[in-house]
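Here the structure is laid out as structure tokens; the discussion comes afterwards.
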């Protein structure tokens, strides 16, 4: 992984922008949908500002530890804390306002076998790290689908902020209050 | 749920939800060092107490984490934070061991419980540890 | 119109956490007053108009259940929506609160859980 490509710049194919592990995409193109696949223990965090009509998605992998601050400077989207901070900074740069941003989150699944104690799982630690950074910055989660054991796909449609969560065999809007007609 | 598992689960839950701290391991014995202690008594179909001990440096760090980095730490005494953690942990231990019956919890006491220890759990975190003990169940 | 809230809990930590969570949830929160026990809360409730009361149960002097009783018997206060924020776990007590239309948030809680209870109590979403 080339850390300098943490903002995925791949051209969209049929309006689809794909976000890999440790990557982020922000868009104001209403024809685009941003998607990330294979959310196991990782977290997919979507953000949307309805008025500025800007949306973003970051796929973060690990909580940040003091030993990794140098790596987080080179590859911020890899870590929960720096990835979420980057997401908000990029959203603000496109005109979003914190009080209008809607966050929808998925992932944090358990991926190891029964022999590993659940409380030490990376997915669970990612969720705690996310809640901490959001609490410290006074931001709520609008909707979420977290934990469990399933792999998830998360997408956000820039036209209207609709967020869709897919798991093997199912697909549904995530937090259908304001995003869905 | 067994007593040690209930203590561990309650500590992990309280620390994750109130303090955003993730457990890193369990230990059989508490590390050395001074602590601030608190205990909460419970009365009902069974009676006893749950005590907790946390190093003061850890309590200071936990309080600071409740506000954004760079902001002055909140005006919260370490004794208040440990007392509330004792309240939350006791309130989550009791139903896990004894079921969801009516129990009365005492306000937290800033001392270790005096009854004999019946079960002990030590949970390790990045910036310290928490010991939770179950006392004198009758 | 902004909402004036009283937070009743003997823990300064919890009063701070609840106050901070209330400011996050996207509702127009006005003043947030605090009280360390039911007695102080009753005095404050009779002195100022409040739109919402967040009440712990286990408190010294006057506990949350006694406070809720006193509020419900006072014609000038009985209209104030109440959310109980507590470690209470007994099914009987929770059922009794539910029957009185009192919402409940279990400690420890996520801010989103507090939002759901507050919205249900006041009948208004952000």
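Chains as they are written, first to last, in my numbering: chain A, 1 to 181; chain B, 1 to 138; chain C, 1 to 126.
Yeah, the Cβ is synthetic: ideal placement off N, Cα and C, and Gly gets one too.
Give the range of the alpha helix (DSSP H) segment to which residue 109/C is assigned. To locate residue 109/C, count along the third chain from 1; it is residue 109. Segment: none, residue 109/C is in no alpha helix (DSSP H) and carries neither H nor E.
In terms of alpha-carbon separation, which member of 34/B, 49/B, 125/B lies closest to residue 40/B? Position 40 of the second chain, counted from the first residue, corresponds to residue 40/B. For the residues 34/B, 49/B, 125/B, the minimum Cα distance to residue 40/B belongs to 49/B.
Do three or more CB pairs link the segment 124-141 of chain A to the segment 67-85 of chain B at distances below 8 Å? For the pair of segments examined, the segment 124-141 of chain A was found to touch the segment 67-85 of chain B: the number of CB pairs separated by less than 8 Å reaches three.
Would residue 13/C be called buried (16 or more neighbouring beta carbons within 10 Å of its own) or exposed? Counting from 1 along the third chain, the entry for residue 13/C is found at position 13. Answer is buried; the Cβ neighbour count reaches 16.
What separation, rounded to the nearest whole angstrom, lies between the Cα atoms of residue 25/B and residue 8/C? Working through the second chain from its first residue, we reach residue 25/B at position 25. Working through the third chain from its first residue, we reach residue 8/C at position 8. CA-to-CA, the gap between residue 25/B and residue 8/C works out to about 35 Å.
Counting beta carbon pairs with one atom in the segment 114-133 of chain A and one in the segment 150-160 of chain A, are three or more of them shorter than 8 Å? Three or more Cβ pairs closer than 8 Å define a contact, and the segment 150-160 of chain A falls short of that threshold against the segment 114-133 of chain A.
Contact set between residue 138/A and chain C, taken where Cβ atoms lie within less than 8 Å: Translated into positions along the first chain, residue 138/A becomes position 138. Per Cβ cutoff of 8 Å: 20, 23, 24.
Am I right that residue 105/B and residue 91/B are in contact with their C-beta atoms under 8 Å? What's the rounded C-beta distance? In the second chain, the residue the question calls residue 105/B occupies position 105. In the second chain, the residue the question calls residue 91/B occupies position 91. So it is a contact: roughly 6 Å between Cβ atoms.
Ignoring anything shorter than 3 residues or poking outside the segment 78-102 of chain C, list the beta strand (DSSP E) runs there in chain order. Listed in chain order, the complete beta strand (DSSP E) runs (minimum 3 residues) inside the segment 78-102 of chain C are 82-86.
At a CB distance below 9 Å, what residues from the segment 21-46 of chain B approach chain A? Give them in sequence order. Going along the segment 21-46 of chain B in chain order, one finds 21, 22, 23, 24, 25, 26 with a Cβ nearer than 9 Å to chain A.
Is there contact here, the segment 102-119 of chain C with the segment 10-26 of chain C, by at least three beta-carbon pairs under 8 Å? With three or more CB-CB distances shorter than 8 Å, the segment 102-119 of chain C counts as touching the segment 10-26 of chain C.
Near residue 108/B, which residues of its chain fall below 6 Å by C-beta distance, leaving aside the five closest residues on each side in sequence? As a working note, residue 108/B is residue 108 in the second chain. Result list for residue 108/B: 38, 40, 83, 86, 87, in chain order.
Any idea what DSSP makes of residue 4/B, helix, strand or coil? The count along the second chain starts at 1 and reaches residue 4/B at position 4. Correct three-state label for residue 4/B: helix.
Element boundaries [beta strand (DSSP E), containing residue 173/A]: By one-based count along the first chain, residue 173/A stands at place 173. Bounds of the beta strand (DSSP E) holding residue 173/A are 170-173.
Residues sharing a beta bridge with residue 109/B, DSSP: Within the second chain, the letter at position 109 stands for residue 109/B. Partner residues in the beta bridge of residue 109/B, as assigned by DSSP, are 39/B.
To the nearest angstrom, how far is the alpha carbon of residue 50/A from that of residue 11/C? As a working note, residue 50/A is residue 50 in the first chain. As a working note, residue 11/C is residue 11 in the third chain. If I take the Cα positions, the gap works out to 39 Å.
DSSP beta-bridge partners of residue 39/A: Working through the first chain from its first residue, we reach residue 39/A at position 39. Residue 39/A is bridged by DSSP to 152/A.
Would a check of beta-carbon distances place residue 86/A closer than 8 Å to chain B? As a first step, residue 86/A is located in the first chain; it is residue number 86 there, counting from the start. With a threshold of 8 Å between beta carbons, residue 86/A makes no contact with chain B.
Other residues of its chain near residue 123/C: CB distance less than 6 Å, five sequence neighbours each side excluded: Reading the third chain from its first residue, position 123 is the one you call residue 123/C. Excluding residues within five positions, none has a Cβ falling inside 6 Å.
Contact defined as beta carbons within less than 8 Å: I believe residue 70/C pairs with residue 42/C. What is the distance between those atoms, to the nearest angstrom? Indexing the third chain from 1 puts residue 70/C at position 70. Indexing the third chain from 1 puts residue 42/C at position 42. The C-beta separation of residue 70/C from residue 42/C comes to about 6 Å, placing the pair in contact by the 8 Å criterion.
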